[in-house]
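Heads up: the structure comes next, in structure tokens.
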Amino acid sequence: MKWRKILAAGMGLVLAAGLISGCGGQKKETGNGKKDDQEKAMGRYVEEDLKPPVQDGETPLGAYKKDGILYLYTSGGSQDSDVKYYSYQYKDGQWSDAQEETGLIDVASDFGLNYLGYGQDGSVYAIGQTLNPTDDIPYGWHIFKNAQDGDSWEDITPDNLTKADENGMAAFVTDIDTLADGSLCVANGSTGQAEIYKDGEKVFSADMEPMMSNFQNTISASPNRLAVTAKDGKGVTFYNTDDFSEAGSASLTKKEESFNLTPGTDGTWYCLTESGIVRFQETGDLMETLLDGSYGKMGATGVSVVSFFCGDDDDFYTLYNEYDKGGLFMARYTYKKDMPVSADDTLTVYGLKENKTVQQAISLFQTQNPDVKVDYSYAVGEHEKPTSDDIRNLNTALLGGNGADVLILDRLPVDSYIEKGVLADISSLRDELVKDSGMLENVAGALERDGKVYGLPARIGVPVMASKDDTDKALESIEALTSYLRENPQAQVLGDAVHTYAAETLLAVMYQELVKEDGSIDEEKMAEFIDDYLQICENIDTKLLEESVGYDPEDTEDRNIYFSAGYFSRYKDGTVSLYELQGYSSMMYPAYSINTAGIQPKAVNSSYVPYTIAGINASSKQQETAELFIKALMSDDVQGSDTRDGYPVTESAFSNLLAYADTDTAQKEQIASSYKDFKTGEEIMEEYGNADGQTLQTYLDLIRTLDKPFIPNQTLFDTVLEEMEKCYEGTETSAEAAKAIGQKMDTYLSE
Numbered sequence: 002m003k004w005r006k007i008l009a010a011g012m013g014l015v016l017a018a019g020l021i022s023g024c025g026g027q028k029k030e031t032g033n034g035k036k037d038d039q040e041k042a043m044g045r046y047v048e049e050d051l052k053p054p055v056q057d058g059e060t061p062l063g064a065y066k067k068d069g070i071l072y073l074y075t076s077g078g079s080q081d082s083d084v085k086y087y088s089y090q091y092k093d094g095q096w097s098d099a100q101e102e103t104g105l106i107d108v109a110s111d112f113g114l115n116y117l118g119y120g121q122d123g124s125v126y127a128i129g130q131t132l133n134p135t136d137d138i139p140y141g142w143h144i145f146k147n148a149q150d151g152d153s154w155e156d157i158t159p160d161n162l163t164k165a166d167e168n169g170m171a172a173f174v175t176d177i178d179t180l181a182d183g184s185l186c187v188a189n190g191s192t193g194q195a196e197i198y199k200d201g202e203k204v205f206s207a208d209m210e211p212m213m214s215n216f217q218n219t220i221s222a223s224p225n226r227l228a229v230t231a232k233d234g235k236g237v238t239f240y241n242t243d244d245f246s247e248a249g250s251a252s253l254t255k256k257e258e259s260f261n262l263t264p265g266t267d268g269t270w271y272c273l274t275e276s277g278i279v280r281f282q283e284t285g286d287l288m289e290t291l292l293d294g295s296y297g298k299m300g301a302t303g304v305s306v307v308s309f310f311c312g313d314d315d316d317f318y319t320l321y322n323e324y325d326k327g328g329l330f331m332a333r334y335t336y337k338k339d340m341p342v343s344a345d346d347t348l349t350v351y352g353l354k355e356n357k358t359v360q361q362a363i364s365l366f367q368t369q370n371p372d373v374k375v376d377y378s379y380a381v382g383e384h385e386k387p388t389s390d391d392i393r394n395l396n397t398a399l400l401g402g403n404g405a406d407v408l409i410l411d412r413l414p415v416d417s418y419i420e421k422g423v424l425a426d427i428s429s430l431r432d433e434l435v436k437d438s439g440m441l442e443n444v445a446g447a448l449e450r451d452g453k454v455y456g457l458p459a460r461i462g463v464p465v466m467a468s469k470d471d472t473d474k475a476l477e478s479i480e481a482l483t484s485y486l487r488e489n490p491q492a493q494v495l496g497d498a499v500h501t502y503a504a505e506t507l508l509a510v511m512y513q514e515l516v517k518e519d520g521s522i523d524e525e526k527m528a529e530f531i532d533d534y535l536q537i538c539e540n541i542d543t544k545l546l547e548e549s550v551g552y553d554p555e556d557t558e559d560r561n562i563y564f565s566a567g568y569f570s571r572y573k574d575g576t577v578s579l580y581e582l583q584g585y586s587s588m589m590y591p592a593y594s595i596n597t598a599g600i601q602p603k604a605v606n607s608s609y610v611p612y613t614i615a616g617i618n619a620s621s622k623q624q625e626t627a628e629l630f631i632k633a634l635m636s637d638d639v640q641g642s643d644t645r646d647g648y649p650v651t652e653s654a655f656s657n658l659l660a661y662a663d664t665d666t667a668q669k670e671q672i673a674s675s676y677k678d679f680k681t682g683e684e685i686m687e688e689y690g691n692a693d694g695q696t697l698q699t700y701l702d703l704i705r706t707l708d709k710p711f712i713p714n715q716t717l718f719d720t721v722l723e724e725m726e727k728c729y730e731g732t733e734t735s736a737e738a739a740k741a742i743g744q745k746m747d748t749y750l751s752e
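Following our numbering, the numbering of the sequence shown begins with 2 at its first residue and continues without gaps.
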């Protein structure tokens with residue numbers, strides 16, 4: 002269950018004191034009616050990390066609270082041992098030591114458990130997936146109830162949920178709960194219905210939100226109601242538990258990937274989404290935001306919710322799966338009457354594109370600095386392409402002394418900003434982060450100009466290339482490429498790639514040679530380069546390739562990478578495959594294919610691609626606060642998250658990555674993919690997983706040697722690609738394209 006990534010511009014609605022109430026009905030806080038009280042309303046919920054004493058590699062199974070004690074269940078293990086299950090108890094501010102759960106371990110010999118929860122009948126339940134399916138026990142999900150002795154578990158799966166369908170699969174159970182009388186409430190992902198079973202017989206069913214993951218919170222029970230997430234995913238429907246008649250409904254204002262529901266008292270319910278915690282009535286009335294998501298873990302990327310429930314003291318508990326870190330986060334939310342509802346100060350952050358690492362940093366920064374409101378905005382989504390108007394509008398604001406406090410400089414004309422004094426010198430911050438936070442020194446200098454630093458990347462892409470022979474030498478220069486093609490006129494040079502990927506990759510490789518110091522281009526070299534590109538496309542037979550893979554020339558999605566050629570193609574003599582790696586998870590296939598071929602990865606021009614480059618507006622009145630935000634970007638919490646938009650840039654994050662790479666969690670993750678050789682028609686199936694620690698170490702060592710930041714002028718880069726496309730379509734010669742590029746760039750530079 003992954004959150005849908007949406008804009009969190011500002012803090013959203015956080016209710017003033019008097020509107021806020023928790024599970025038991027928080028008392029209203031009143032002021033004296035003076036203007037000062039109206040200007041500074043007090044009282045809101047605050048997140049606390051309960052820090053359970055779990056070991057590295059333990060992942061969350063479930064949590065609940067009973068008789069004043071918080072119970073937490075986890076799973077863990079290693080490559081060399083079977084999975085184990087543990088429980089912890091939290092009382093009076095103290096955690097117990099881990100208790101090995103032998104009963105769950107026994108169940109796990111046949112079932113992979115993925116959720117544990119507490120029912121309205123006072124019993125504990127778990128869901129498990131069949132590990133070794135047979136004709137008698139087909140693949141599917143089973144439900145287990147903890148026996149009174151606490152050590153053993155009983156399979157209570159209703160018979161009709163264990164029967165195989167025409168595909169040989171039993172029901173996919175995505176959520177469970179129980180009514181006060183012990184009736185079993187089941188979210189049946191196979192049928193798309195919420196079902197109630199009494200004594201093993203189905204007595205009720207209703208449509209629910211379709212299944213999107215192997216566990217998602219779609220149902221929740223109170224003593225007299227069953228709540229079901231509506232089929233359209235935009236609200237909740239409530240049913241009486243005595244006669245199953247509809248009792249009410251509530252429309253939730255934003256469509257999230259999952260609503261996490263829990264009951265309060267007297268018809269009050271609570272919903273946790275990425276946007277925060279909301280209180281509402283089952284009649285749909287009095288919908289109130291108790292905590293904005295930017296103040297808590299729910300607003301972060303790389304997390305999913307396992308358990309969400311009310312406590313005993315107007316508080317809430319949430320167990321998060323930090324799947325990007327292979328760990329968990331146990332949070333408690335309590336009402337603090339002395340906390341201001343709204344922040345005293347505002348820090349503005351702007352980037353051209355939506356950025357997951359920035360969102361992660363906002364969540365952390367907001368928790369650490371509740372007196373500062375972060376107002377984050379961007380021009381386009383993560384996979385959209387910004388336009389020249391987006392950049393022009395930003396330039397106008399910045400040159401007028403306005404603009405955001407913190408600028409995410411990706412794809413922006415940074416050298417022009419530096420020349421015009423738009424960006425502040427943050428050299429001292431760079432030095433501090435290198436010394437105290439272990440930021441990689443080679444990466445920290447990405448935007449150093451004349452001894453001053455104007456921006457710091459929080460992520461990097463790593464271009465690598467691999468070939469069976471020395472064909473990679475053809476990419477050392479345009480002269481080398483032209484000479485190689487003259488001697489080998491049929492050579493495709495690049496691994497199989499559609500023409501647009503080939504254009505982007507070749508341009509990225511040769512960019513520094515094509516562009517002069519003043520930003521203009523060498524027209525003669527540009528024409529020669531385009532001719533080489535066209536010959537490579539012909540030798541690859543890109544038109545046949547694109548026809549075979551169903552390439553859509555109208556697809557405008559931005560892949561957010563510069564280097565990509567020969568991704569799924571076997572290494573052959575006379576070809577080079579290039580990849581831009583953007584973090585541990587992105588290494589799966591490239592590292593596997595390179596290792597399988599018995600070759601070594603090489604850097605491309607000793608370069609790395611800086612991403613999430615944070616700079617500070619020289620006109621900002623929030624210089625110190627802006628520096629604190631950049632420190633949040635470089636913190637262990639943010640650097641340790643695999644947001645899939647680049648490698649981390651600190652030594653501590655590298656160490657944590659290496660430790661994670663050899664865990665059972667990392668090494669058990671496997672992917673199977675297939676592709677067809679478009680020339681021979683051969684179907685190729687491959688299975689691969691995460692890189693192990695030894696392989697990862699090779700790439701991390703390579704990163705430390707890279708000393709050339711690849712930060713192209715995006716306007717020039719896009720202009721060249723537009724003209725290369727015209728040449729590929731046959732509407733323009735290479736000489737005409739080179740001249741057009743030169744004229745457009747002269748105009749751009751004059752502006």
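Just so you know, even glycine gets a beta-carbon here, dropped at the ideal spot from N, CA and C. Quick caveat, the model's predicted, so the values are computed rather than measured.
- The stretch 319 to 339 makes contact with the stretch 54 to 62, as at least three CB pairs between them are under 8 Å.
- Burial is judged here by how many other beta carbons sit within 10 angstroms of a residue's own beta carbon; H384 has fewer than 16 and is exposed.
- Exclusion of the five residues before and after S642 leaves T302, G303, D325, K326 and Q361 as the residues of its chain whose Cβ lies within less than 7 Å of its Cβ.
- Here L114 is buried: its Cβ has 16 or more other Cβ atoms, across all protein chains shown, within 10 Å.
- D208 and T135 have their C-alpha atoms roughly 30 Å apart.
- Collapsing the DSSP output to three states places A673 in a strand.
- By DSSP's assignment, D346 forms a beta bridge with V373.
- In the assembly as shown, V494 is a buried residue. Its beta-carbon has 16 or more other beta-carbons within 10 Å.
- Residue environment for R460: buried (at least 16 other C-beta atoms within 10 angstroms of its C-beta).
- When only Cα atoms are considered, L750 and P710 end up about 22 Å apart.
- Looking from the CA of P54, the closest CA among Q100, F317 and R333 belongs to Q100.
- Annotation: the continuous alpha helix (DSSP H) that includes K745 extends over S735 to S751.
- Per DSSP, P591 lies in no beta strand (DSSP E); the unbroken alpha helix (DSSP H) holding it starts and ends at M589 to A598.
- Restricting attention to K66, Y661 and K745, the CA atom closest to the CA of T696 is found in Y661.
- In its chain, beyond the 5 residues on either side, L353, A380 and V381 have a beta carbon closer than 8 Å to the beta carbon of D391.
- Contact check between the stretch 501 to 516 and the stretch 706 to 725: three or more CB pairs, one atom from each, fall below 8 Å, which counts as touching.
- A contact is defined here as three or more CB-CB pairs under 8 Å, and the stretch 462 to 470 meets this definition with respect to the stretch 576 to 594.
- Three or more Cβ pairs drawn from the stretch 684 to 702 and the stretch 593 to 609 lie within less than 8 Å of each other, which places the two stretches in contact.
- When DSSP assignments are scanned along the stretch 89 to 147, the uninterrupted stretches of alpha helix (DSSP H) that are 4 or more residues long and fall wholly within it turn out to be 103 to 108.
- With contacts defined as CB atoms closer than 8 Å, V342 and G44 qualify as a contacting pair.
- When secondary structure is reduced to three states using DSSP, D208 falls in the strand class.
- Here K386 carries a coil assignment [DSSP, helix/strand/coil].
- Taking Y91 as reference, the option from D50, Y126 and K474 with the minimal CA-CA separation is D50.
- The beta carbon of D574 lies closer than 8 Å to those of K469, D470 and T472 in the same chain, with the five residues before and after it left out.
- Judged by DSSP secondary structure, I631 falls within the alpha helix (DSSP H) whose first and last residues are Q624 to L634.
- Collapsing the DSSP output to three states places L535 in a helix.
- Where T706 is concerned, the enclosing alpha helix (DSSP H) starts and stops at G694 to T706.
- In this structure, I220 and D176 form a Cβ contact; the two beta carbons are roughly 5 Å apart against a cut-off of 8 Å.
- Just so you know, the alpha carbons of P414 and G249 end up roughly 54 Å apart.
- Beyond the five residues adjoining it in sequence on each side, L659 comes within less than 8 Å, by CB distance, of G694, L697, Q698 and L701 in the same chain, given in chain order.
- Per the C-alpha coordinates, the member of M288, L132 and D244 positioned closest to G236 is M288.
- Inter-residue distance for E733 and D376 is about 46 Å (C-alpha atoms, whole angstroms).
- For N403, the number of other beta carbons within 10 angstroms of its own is below 16, and it is reported as exposed.
- Three or more beta-carbon pairs drawn from the stretch 736 to 743 and the stretch 522 to 531 are found closer than 8 Å, and the two stretches are therefore classed as touching.
- Considering only S570, T666, F630 and N618, the residue with the shortest C-alpha distance to S586 is T666.
- In the three-state scheme derived from DSSP, where H, G and I count as helix and E and B as strand, A504 is classed as helix.
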